Amino acid sequence: MKWNRLENLDRLLDRSSPEPILVVDDEPRLCQGIQQILASVGLESTAVHSVADAMEALKQRLYCLVLLDLNMPGAHGTELLDYINQQKTDTCVIVVSGEKQLKTAVDVIKNGARDYIKKPFNPDELLIAIKNALENRKLETENRRIVEELKRSEALHRFIVHNSPDLLYIVDQNGYFTFINNNVTKLLGYTRKDVIGKHFSDFVSAVDRNRA
Numbered sequence: 000m001k002w003n004r005l006e007n008l009d010r011l012l013d014r015s016s017p018e019p020i021l022v023v024d025d026e027p028r029l030c031q032g033i034q035q036i037l038a039s040v041g042l043e044s045t046a047v048h049s050v051a052d053a054m055e056a057l058k059q060r061l062y063c064l065v066l067l068d069l070n071m072p073g074a075h076g077t078e079l080l081d082y083i084n085q086q087k088t089d090t091c092v093i094v095v096s097g098e099k100q101l102k103t104a105v106d107v108i109k110n111g112a113r114d115y116i117k118k119p120f121n122p123d124e125l126l127i128a129i130k131n132a133l134e135n136r137k138l139e140t141e142n143r144r145i146v147e148e149l150k151r152s153e154a155l156h157r158f159i160v161h162n163s164p165d166l167l168y169i170v171d172q173n174g175y176f177t178f179i180n181n182n183v184t185k186l187l188g189y190t191r192k193d194v195i196g197k198h199f200s201d202f203v204s205a206v207d208r209n210r211a
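Residue numbers for the sequence shown follow numbering that gives the first Met the number 0, beginning at 0 and rising by one.
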């Protein structure tokens with residue numbers, strides 16, 4: 000079934016991410032062709048023709064995606080891939096190259112490229128790869144946000160528990176302490192090392208053990 004660009008426009012675009020796509024290729028006419036394909040589905044793009052210019056462009060603003068040729072004069076495209084990895088940004092990379100060696104495709108994927116498209120390519124093939132890359136990027140960003148929220152929630156929970164005016168503790172089903180809050184130390188003088196792993200009866204007077 001042919002991929003319909005218009006019907007899949009909403010799924011292709013990451014509406015929450017306004018960053019453009021950076022096209023890196025030393026062939027100006029090819030760059031223009033790729034930019035026209037991107038524009039046909041509403042994607043903004045910028046084109047540069049060398050690795051050096053691409054690095055400079057990435058310093059100036061954030062790009063959600065880089066479409067990267069490998070064989071360019073001055074510096075090989077893998078140098079830009081290494082640079083992007085070192086920056087640890089949310090920019091993802093799709094290699095678009097005429098390189099015929101399968102090992103090259105395997106190497107760039109291992110080094111972090113999201114996909115490898117061989118020239119000449121079908122426009123819809125390129126758009127599908129972009130759609131998949133942007134969707135994966137969005138999921139990864141959302142996952143990181145959730146993890147950070149959980150960390151903040153856990154930190155807040157610990158703060159509340161340890162700053163409670165009450166003595167708070169947890170024992171397992173056999174009566175051994177697995178958690179105490181700071182007040183056990185402040186009010187009773189015990190350290191965590193004194194309490195954690197010990198049986199509650201060790202801290203109760205003999206006359207009160209049956210009640211405890």
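We put the beta carbon where it would ideally sit given N, CA and C, even for glycine. Just so it is clear, the structure is predicted and the values come from calculations on it, not from any experiment.
- 8 Å or more divides the Cβ of tyrosine 175 from the Cβ of valine 183.
- For threonine 177, there is no enclosing alpha helix (DSSP H); the residue is part of the beta strand (DSSP E) that begins and ends at 176-179.
- Following the DSSP letters along the chain, one finds valine 105 inside the alpha helix (DSSP H) bounded by residues 101-109.
- Here DSSP, grouped into helix, strand and coil, assigns leucine 126 to helix.
- With a 10 Å radius around the Cβ and a threshold of 16 neighbouring Cβ atoms, serine 204 comes out exposed.
- DSSP, read as helix, strand or coil, puts cysteine 63 in coil.
- Secondary structure of isoleucine 116 (DSSP, three-state): strand.
- DSSP, read as helix, strand or coil, puts threonine 88 in coil.
- Among the bridge pairs identified by DSSP, tyrosine 168 is matched with Ile179.
- Asparagine 110 places its beta carbon less than 8 Å from that of leucine 80.
- As a beta-bridge residue in DSSP terms, alanine 46 pairs with Val22.
- Taking the C-beta atoms as reference points, leucine 67 is found no nearer than 8 Å to isoleucine 129.
- Residues of the same chain with a CB within less than 8 Å of the CB of leucine 61, apart from the 5 flanking positions on each side, are Glu18, Thr88, Asp89, Thr90 in chain order.
- Shown here, serine 39 sits in coil according to DSSP, grouped into three states, outside any helix or strand.
- DSSP places arginine 210 outside any alpha helix (DSSP H), giving it a letter other than H or E.
- The C-beta of alanine 38 has fewer than 16 other C-beta atoms within 10 Å across all chains shown, which makes the residue exposed.
- Per DSSP, the unbroken alpha helix (DSSP H) holding valine 194 starts and ends at 191-194.
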